[in-house]
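So the sequence shown is residues -18 to -1, 1 to 204, counted in mature numbering (1 follows the signal peptide of the UniProt record, and there is no 0).
Everything on this sheet refers to the single structure shown next.
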Amino acid sequence: MRCSFAFAFLVAVAPTFAAPTSMEKRRPALDVCDVTKAVVPPAPTPLPAPSGSLQYVAIGRGTQNYTCGATPNSPNAAPKAIGAIATLYNATCAAVAAPQVLNDTPAIALKTPASVGVAVEKESTDGPVSGHHYFNAAGSPVFETEYGWVQAKAFANSTAPPTADKGKNGLGSVPWLKLVSTAGTWKEVYRVDTAGGVAPKTCADIAGTFEVEYAAVYWFYA
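Structural data, given as structure tokens:
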């Protein structure tokens, strides 16, 4: 119960750390919060530095998706990654005002029932839910938010730190990433502070597609 409240509280107040008015809620985050001193957390294996300026930060809560459709129930085959789906919560001002809280939030979010996120999303069209992350038909990761969008491709990765939350299945956290734009508003995306999302090593006892819950913080640069 405490974890659910903590996540709900953070996503509710993140857009208002700088006390924006109702008219400011849909302005670019950098117009509401001074993000010039916000720094993306360093990865265990350093990722290439951003080449642009920070525009937006979001907490992503959703699933990493996999399939064993081609090798059902095989203990000798690994699941194939087929993308991800996540809801994005605006946390730009939290990156400025409470960076350590933000760093810890994915692990908290992963323990939060999905119904909490749904309740917050339905609360108001001006609430903290800011967009969605998915993979398109071509298999490219896409991020769509009220402030901009980007279609991207992987550029560099780092294993998650050993202290990262291992997820509900206890199998570990997906890697930290740097993605670069192939289309859209932003040029670079960093996935950091990951929690969960790792699939079993083999397809033993798995016959089709399946999901593994995860959470992460995404940093967007232009």
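Idealized CB from N, CA, C, for every residue including glycine.
Just so you know, these numbers come straight off a predicted model, no measurement behind them.
### Message
I'd like to know whether the C-beta atoms of Thr87 and Ala197 end up nearer to each other than 9 Å.
### Response
Their beta carbons are under 9 Å apart, which means Thr87 touches Ala197 by this criterion.
### Message
In this structure, how does DSSP classify Ala40 when only helix, strand and coil are distinguished?
### Response
strand
### DSSP-derived helix/strand/coil call for residue 226
Past the edges of the chain, shown from -18 to 204, lies residue 226, and the structure says nothing about it.
### Sheet register partners of Ala134 (DSSP bridge)
Ser163
### Query
Measuring CB to CB, does Val171 end up less than 9 Å from Phe125?
Yes, these two residues count as a Cβ contact at 9 Å.
### Query
In the structure shown, what three-state DSSP assignment does Lys169 receive?
Here Lys169 sits in coil by DSSP.
### Query
Nearest-angstrom Cα distance between Asp147 and Asp175?
9 Å
### Query
What is the DSSP secondary structure of Val83, counted as helix, strand or coil?
In this structure, Val83 counts as helix in the three-state DSSP scheme.
### Query
Is Glu195 closer than 9 Å to Leu84 when the C-beta atoms are compared?
No, the pair does not count as a contact, with Cβ atoms beyond the cut-off.
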